[in-house]
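Residue numbers (the numbering used here): -10 to 622.
To keep things clear, I will list the structure first and then write my remarks on it.
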């Protein structure tokens, strides 16, 4: 993995542009501690920081193809680069290195933008093609690798992090109010292509940007998971799907074992990391070891299951036991490295996990994507059955059952129902605490419009499938960004086999019931007095059916049967203890807090002995971020 940065313009560059590229590279030193390089030409300059994983002795970037003059700056791994290399050799290409960078460059030279169809991997890259005098930016299909850009005054600037882009003086650090509203609503720092700052955009997963200097830049989606009606899904039997799923997961993990530096995994004691460990060992991973992290507070670690899994697989596992006391300093440091507020409180322990991991390994297998792909988020997605039952589908449901969970039994749409469960803070809560000028209708309307487009694209799907698709679009991107930030801040490459696009496409065309369903012998007609969360509490719902069944003989029985813990962090307790005084200081002193909150709500929060953590967490993140990067607006 690496850090990339660049600028491309209609006119010649200034000396300050070249200096900004170098400063942006310095801001990404931890993403690429092994090497740094710059290449410039007429109206463009590319920079690169390298973390050497394949062919450490060569593959320095930016890469220049000697025959065509094509220049590449690239972050990621192409797992099938050896197969592509042989195909290119058969077409007359020769190679001077053993790295995937050269293969990617020559694949573009040979096939142009059509080369994307051959790539299996995680990537974000920029290409300058002198034959067309054009810039090409690309982000991988699921959005594992980030890529941000800013366009003004006839120039486009891009980079792996916002912090790197801040090196360009033209990049204003002005809040995007709608994106801030979305962050408070959902705790997500990406809002479609928008970031928390105006005019700084994120290239979307599966998206490319092409700018021929004589025309205007344009983006295009080159990959999108198809929406499939339930009646059009595969008729394969569950038993056959189990066998095929096991083979595809093993293949996805096997493809990602390529590395010229030590490779290991993160072990949480849950199903996903156990499956990855099993598949890595089955794939012949040599000297494979694992690392685990947790807090000492009871209920906020999984040591019992972690130790059971490590013993079951006979892998050396290293435990990192964290103390709460250093959390604030680590939080501030990680936000400063990221260039954005944190999204979830567990970004800090993941960074600690990666730092310790780096003492022995450089590449980590991690389980992000399994829940979105296989149906693991029971509450956020299985709640769809409440909407269906309220519409007279599936079976009856009592008004009382719905009122207990939602306070109503009527929902305007899938979108309306989805946000009643899948929000960090409700509109009503925000209206209670924010200044009036921070909640005009158009801000919530912009959120509804974006999510409405996602639901519109899933109109032909069942409600459960639609909720899973939306989660795949918005939740997974946040988790992948969390992993990228936390691991790269420790100079570790995080790999996520469950996001292999071939695996994702395979699971997508299977029936809903193969992923998540009521347990056998339960009938909707008998469950009308229970809402979805009560059914979950009664353990009537089975999640990740395919994954559990596929690996039932390769995962501890206790781990197969346990409920998901979602990497818990006791931050709710902390805002009543050691984070309380710092929080009060931020409430009283931070300019963004005084702008966002009414005086009444700000003082109430500052004077509380137990501030609402759902309010305190995003507000304190915004305050820390504003101070670090001089954000205004």
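Backbone N, C-alpha and C define an ideal beta-carbon position, used for all residues, glycine too.
Fair warning: this is a prediction, and the values are worked out from it, not measured in the lab.
Can you tell me whether residue i is buried or exposed, with buried defined as 16 or more other CB within 10 angstroms of its CB?
i: residue 497; result: buried
i: residue 602; result: buried
i: residue 365; result: buried
i: residue 342; result: buried
i: residue 574; result: exposed
i: residue 118; result: buried
i: residue 361; result: buried
i: residue 143; result: exposed
i: residue 74; result: buried
i: residue 66; result: buried
i: residue 336; result: buried
i: residue 624; result: No statement about residue 624 is possible, as the shown extent of the chain runs from -10 to 622 and does not include it.
i: residue 397; result: exposed
i: residue 287; result: exposed
i: residue 357; result: buried
i: residue 292; result: exposed
i: residue 629; result: As displayed, the chain neither begins before -10 nor continues past 622, which places residue 629 out of reach and without an answer.
i: residue 71; result: exposed
i: residue 488; result: buried
i: residue 254; result: buried
i: residue 85; result: exposed
Tell me the DSSP secondary structure of residue i in three-state form.
i: residue 413; result: coil
i: residue 200; result: strand
i: residue 141; result: strand
i: residue 447; result: coil
i: residue 428; result: coil
i: residue 105; result: helix
i: residue 441; result: helix
i: residue 619; result: coil
i: residue 118; result: strand
i: residue 312; result: coil
i: residue 506; result: strand
i: residue 123; result: strand
i: residue 589; result: helix
i: residue 93; result: helix
i: residue 286; result: coil
i: residue 530; result: strand
i: residue 655; result: This structure gives no information on residue 655, because the portion of the chain shown stretches from -10 to 622.
i: residue 327; result: helix
i: residue 175; result: helix
i: residue 341; result: helix
i: residue 470; result: helix
i: residue 490; result: helix
i: residue 366; result: coil
i: residue 73; result: helix
i: residue 511; result: coil
i: residue 542; result: coil
May I ask you to check if the CB of residue i is nearer than 7 angstroms to at least one heavy atom of the ligand SAH?
i: residue 101; result: The ligand SAH is not part of this structure, which contains no ligands at all.
What are the partner residues of residue i, as DSSP defines its beta bridges?
i: residue 52; result: 61
i: residue 22; result: 39
i: residue 207; result: 199
i: residue 113; result: 64 and 128
i: residue 405; result: In DSSP, residue 405 forms no bridge with anything.
i: residue 306; result: 279
i: residue 461; result: Note: residue 461 sits in no beta bridge, so no partner.
i: residue 638; result: Absent from the structure is residue 638, since the part of the chain shown begins at -10 and ends at 622.
i: residue 183; result: 180 and 190
i: residue 483; result: 353
i: residue 31; result: Answer is none; residue 31 lacks a bridge partner.
i: residue 423; result: 586
i: residue 395; result: Answer is none; residue 395 lacks a bridge partner.
i: residue 164; result: 186
inquiry  = With three or more beta-carbon pairs closer than 8 angstroms as the criterion, would you say the stretch 125 to 140 touches the stretch 455 to 469?
reply    = yes
ask   = Is there contact between the stretch 177 to 186 and the stretch 419 to 427, where contact requires at least three CB pairs shorter than 8 angstroms?
value = no
key: the stretch 527 to 546 contacting the stretch 248 to 265, beta-carbon criterion three pairs below 8 angstroms   = yes
task = Any chance you could list the alpha helix (DSSP H) runs of at least 4 consecutive residues sitting entirely within the stretch 226 to 282, in chain order?
result = 227 to 244 and 260 to 271
query = Is there contact here, the stretch 491 to 505 with the stretch 214 to 229, by at least three beta-carbon pairs under 8 angstroms?
reply = The stretch 491 to 505 makes contact with the stretch 214 to 229: 3 or more CB pairs, one atom from each, lie closer than 8 angstroms.
key: Contact between the stretch 577 to 585 and the stretch 603 to 616 (3+ Cβ pairs under 8 angstroms)   = yes
request  = State whether the stretch 303 to 312 contacts the stretch 150 to 166, with contact taken as three or more CB pairs (one from each stretch) at a distance under 8 angstroms.
outcome  = Not touching, per the Cβ criterion.
message = Closer than 8 angstroms is the cut-off here; do at least three beta carbon pairs connect the stretch 319 to 329 with the stretch 294 to 303?
response = no
query = Any chance the stretch 505 to 523 sits against the stretch 229 to 245, with 3 or more Cβ pairs inside 8 angstroms?
reply = no
message = Pairs of beta-carbons, one from the stretch 429 to 437 and one from the stretch 195 to 210, closer than 8 angstroms: are there three or more?
response = The answer is no - the stretch 195 to 210 does not touch the stretch 429 to 437, with fewer than three Cβ pairs under 8 angstroms.
key: Validate contact between the stretch 165 to 180 and the stretch 409 to 418 using beta carbons, cut 8 angstroms, 3 pairs   = Of all C-beta pairs linking the stretch 165 to 180 to the stretch 409 to 418, three or more are shorter than 8 angstroms, placing the two stretches in contact.
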